[in-house]
Amino acid sequence: MARRTDACSTALRRAAVLALAALPGASGLGATAPAPAASEPATQQVQVTAPLPGARDEKTLSQLFAAQEAFERHHALAPDATLGFRLYARLDPQELARLQLWLVDGRERTPVPLDSHRRFALSPDWSRVFADHGARLRTNLPDGAVAWHVDVRSPGVPGDRRRLGDLRLECEADTFHGDLQRGLRTPVSAILDASDELCLGDDAQAWFAERPIFGVALVAGERRRTLPYRYLHGSNGTMAMAALFDWPYALRDRTYFLPLDDRSWPDDTLVEFDAMDDPQPGPSP
Amino acid sequence: MTPYGRPKGELTAARRASVALMSARDLARGLAVAAMAVCTGCSTVGNGRLVRLDEPAARSLLATGTTTRSDVLQDFGQGTIVHFRSGWETWQYQYRECIAKGWDQVPYIGLITSRLARPTKELIVLFDDRGVVRRWSLQQFDDREIRPGAR
Numbered sequence: 001m002a003r004r005t006d007a008c009s010t011a012l013r014r015a016a017v018l019a020l021a022a023l024p025g026a027s028g029l030g031a032t033a034p035a036p037a038a039s040e041p042a043t044q045q046v047q048v049t050a051p052l053p054g055a056r057d058e059k060t061l062s063q064l065f066a067a068q069e070a071f072e073r074h075h076a077l078a079p080d081a082t083l084g085f086r087l088y089a090r091l092d093p094q095e096l097a098r099l100q101l102w103l104v105d106g107r108e109r110t111p112v113p114l115d116s117h118r119r120f121a122l123s124p125d126w127s128r129v130f131a132d133h134g135a136r137l138r139t140n141l142p143d144g145a146v147a148w149h150v151d152v153r154s155p156g157v158p159g160d161r162r163r164l165g166d167l168r169l170e171c172e173a174d175t176f177h178g179d180l181q182r183g184l185r186t187p188v189s190a191i192l193d194a195s196d197e198l199c200l201g202d203d204a205q206a207w208f209a210e211r212p213i214f215g216v217a218l219v220a221g222e223r224r225r226t227l228p229y230r231y232l233h234g235s236n237g238t239m240a241m242a243a244l245f246d247w248p249y250a251l252r253d254r255t256y257f258l259p260l261d262d263r264s265w266p267d268d269t270l271v272e273f274d275a276m277d278d279p280q281p282g283p284s285p
Numbered sequence: 286m287t288p289y290g291r292p293k294g295e296l297t298a299a300r301r302a303s304v305a306l307m308s309a310r311d312l313a314r315g316l317a318v319a320a321m322a323v324c325t326g327c328s329t330v331g332n333g334r335l336v337r338l339d340e341p342a343a344r345s346l347l348a349t350g351t352t353t354r355s356d357v358l359q360d361f362g363q364g365t366i367v368h369f370r371s372g373w374e375t376w377q378y379q380y381r382e383c384i385a386k387g388w389d390q391v392p393y394i395g396l397i398t399s400r401l402a403r404p405t406k407e408l409i410v411l412f413d414d415r416g417v418v419r420r421w422s423l424q425q426f427d428d429r430e431i432r433p434g435a436r
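Protein sequence lines, in the order shown, are assigned to chains A and B. Just so you know, our numbering puts 48 at position 48 of the first sequence, and the rest follows in order with no gaps. In our numbering, each residue carries its 1-based index in the second sequence increased by 285.
So, in structure tokens, the structure goes:
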């Protein structure tokens, strides 16, 4: 058995020498390298290289606490709502299957459970002390692969609809507070935020529906308004400016904006979605 | 020498004020011309058929599951396309009163023009990854209906 191993090792060494000789410039190296003395024991060096893992997509715990503070400050928009956070696959939906999240505090790493919609809530165990130490919520996906979103849900809203006040509150909690959306924060935005007017702009925040959408409507009692197409899919020149927004191409068919500047719609307004795979409606009466 | 017969640097204070005023006038004239360019005519994406299109006509031209991209191209011209990762895409046709074509897409200027309250009609056609019509929508609206504050 030992002899067989020696024979294999010798054969491998020969193959390695032959492979090196076949490399361009290898003969030159061989000519200049000092030949090992006959009595010197043969040594084998094995070098294993692997790419270092790149930066992972993450947010600081401080950001999430900042979102929570803004959520509490604007809680009147959705008095019964709870605060959560949701992760979307920003570039490749296939990556959701392997998405994991941890709280990383120094060298300690604690898994954070996600529900079936990849949502999680702030744990009561997470303290400001952790945040001040630089604790982070870190995914296992590369930086840029995940879109983070504040997720505010009032009870009693059907799963295929959203309550406008919840969405307004999401905007307030995220923009310039949780700061979870990617993209530039322009000086104009900072000024509007300082006067609490940022979330009165119709392009302050992008939202993602559960399914690819073909239409979005606001419904408040008898009042109903189907939004123009510029509110969908980042189709408008302004809203499509990728640098200003979290631009998840994989989510483009689910992306919508809202006329946040129109305060005539009450917070209890429902946002309804017309899915791409819904049947074509019949003739208007 | 200046056009006024004096060596450069010897303009009187009054002349300097006059030149500054002329520059301001030129600037104002330029802005007026730009504003006229924005507000001249109407903005139409497509071949203009949308202007007179009503729902029954749209229904006869756009049969879901049958009508293809080339049919739509022939009937309405080229719309503004939005592609999706799934291979599906939308074609958007729009008619807006008073906004010359293309201004909404110009960075920064589009921030203003796209917010001007004007009667607008739009047709959106959704194609699947085989290039067949799956959905369409035709609607007319006035931005003031969306944003009362824009009045």
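We treat Cβ as the ideally placed atom computed from N, Cα and C, and that holds for glycine.
- Query: Exposed or buried, which one is A:V152 when buried takes at least 16 other CB atoms within 10 Å?
  - Reply: Indexing the first sequence from 1 puts residue 152 of chain A at position 152. Classification for A:V152: buried.
- Query: Contact check, B:L423 vs B:L408 under 8 Å by CB: the rounded distance?
  - Reply: Looking up residue 423 of chain B in the second sequence gives position 138. Looking up residue 408 of chain B in the second sequence gives position 123. That pair is a contact at about 5 Å.
- Decide if A:G144 is buried, meaning its Cβ has at least 16 other Cβ atoms within 10 Å, or exposed. Locating residue 144 of chain A in the first sequence gives position 144, where the first residue counts as 1. When all chains shown are included, A:G144 counts as exposed.
- Item | As assigned by DSSP and simplified to three states, the class of B:A342 | On the second sequence, position 57 is the one that residue 342 of chain B refers to. Helix, per DSSP.
- Message: Looking at A:R162: is its Cβ nearer than 8 Å to the Cβ of A:V271?
- Response: For the purposes of this step, residue 162 of chain A is taken as the residue at position 162 of the first sequence. For the purposes of this step, residue 271 of chain A is taken as the residue at position 271 of the first sequence. Yes, these two residues count as a Cβ contact at 8 Å.
- How should A:R252 be labelled, buried or exposed, when 16 other C-beta atoms within 10 angstroms of its C-beta is the threshold for buried? As a position in the first sequence, residue 252 of chain A is number 252, starting the count at 1. Burial call: buried.
- For B:S422, does the three-state DSSP call read helix, strand or coil? Within the second sequence, numbered from 1, the residue matching residue 422 of chain B stands at position 137. Here B:S422 sits in strand by DSSP.
- State the DSSP-derived secondary structure class of B:H368, mapped to helix, strand or coil. Numbered from its first residue, the second sequence carries residue 368 of chain B at position 83. If DSSP states are grouped into helix, strand and coil, B:H368 belongs with the strands.
- Could you give the DSSP three-state label for A:L141: helix, strand or coil? Position 141 of the first sequence, counted from the start, is the residue given in the question as residue 141 of chain A. Strand at A:L141.
- Message: DSSP three-state label for A:R119, please.
- Response: Locating residue 119 of chain A in the first sequence gives position 119, where the first residue counts as 1. Strand at A:R119.
- Query: Where does A:P212 sit, in a helix, a strand or coil, going by DSSP?
  - Reply: Mapped onto the first sequence, residue 212 of chain A falls at position 212. Here A:P212 sits in coil by DSSP.
- Starting from B:F412, follow its DSSP beta bridges and name the residues at the other end. Looking up residue 412 of chain B in the second sequence gives position 127. Note: B:F412 sits in a beta bridge opposite B:E374, B:V418.
- Query: Hey, does B:E382 have any beta-carbon neighbour from chain A nearer than 8 Å?
  - Reply: By 1-based counting over the second sequence, the position of residue 382 of chain B is 97. Not closer than 8 Å to any Cβ of chain A, the Cβ of B:E382 fails to qualify, so no.
- In the structure shown, what three-state DSSP assignment does A:H233 receive? The count along the first sequence starts at 1 and reaches residue 233 of chain A at position 233. Three-state result, A:H233: coil.
- Message: I want to see whether chain B comes within less than 8 Å of A:D160, judged by CB atoms only; does it?
- Response: Position 160 of the first sequence, counting from 1, holds the residue named residue 160 of chain A. Not one chain B Cβ lies under 8 Å of A:D160.
- Residue-level contact to chain A via CB, B:T405, 8 Å cutoff: To locate residue 405 of chain B, count along the second sequence from 1; it is residue 120. Closer than 8 Å: yes.
- Just the Cα atoms here: how many angstroms apart are A:H200 and A:A66? Position 200 of the first sequence, counted from the first residue, corresponds to residue 200 of chain A. Position 66 of the first sequence, counted from the first residue, corresponds to residue 66 of chain A. Reading off the sequence shown, one finds Leu at residue 200 of chain A, where the question assumed His. Those two C-alpha atoms are separated by around 20 Å.
- Using only alpha-carbon positions, find the residue among A:A55, A:W148, A:S154, A:L103 that is nearest to A:L137. Mapped onto the first sequence, residue 137 of chain A falls at position 137. For A:L137, the nearest C-alpha among the options comes from A:L103.
- Per DSSP, A:F130 is paired with what? Position 130 of the first sequence, counting from 1, holds the residue named residue 130 of chain A. None; A:F130 has no bridge partner.
- Task: Report the three-state DSSP secondary structure of A:A55 (helix, strand or coil).
- Result: Within the first sequence, the letter at position 55 stands for residue 55 of chain A. Looking at A:A55 - three-state DSSP - the assignment turns out to be coil, as it is neither helix nor strand.
- Item | Assigned secondary structure, A:F257 (DSSP; H/G/I helix, E/B strand, else coil) | Within the first sequence, numbered from 1, the residue matching residue 257 of chain A stands at position 257. Reduced to three states, the DSSP call for A:F257 is coil.
- Message: Assuming the contact rule is C-beta atoms closer than 8 Å, A:F273 and A:L169 should be a hit. Round their C-beta distance to whole Å, please.
- Response: Locating residue 273 of chain A in the first sequence gives position 273, counting from the first residue. Locating residue 169 of chain A in the first sequence gives position 169, counting from the first residue. In fact, because the Cβ distance is near 19 Å, the residues do not count as touching under 8 Å.
- Task: Would you list the one or two residues that DSSP bridges to A:Q45?
- Result: Indexing the first sequence from 1 puts residue 45 of chain A at position 45. DSSP output for A:Q45 lists no bridge partner at all.
- Message: Using only the alpha-carbon positions, how far apart do A:W265 and A:H75 sit?
- Response: If you number the first sequence from 1, residue 265 of chain A lands on position 265. If you number the first sequence from 1, residue 75 of chain A lands on position 75. Between A:W265 and A:H75, the C-alpha separation is close to 17 Å.
- Interface residues of chain B around A:A250 at Cβ under 8 Å? Mapped onto the first sequence, residue 250 of chain A falls at position 250. Within chain B, the residues near A:A250 are R370.
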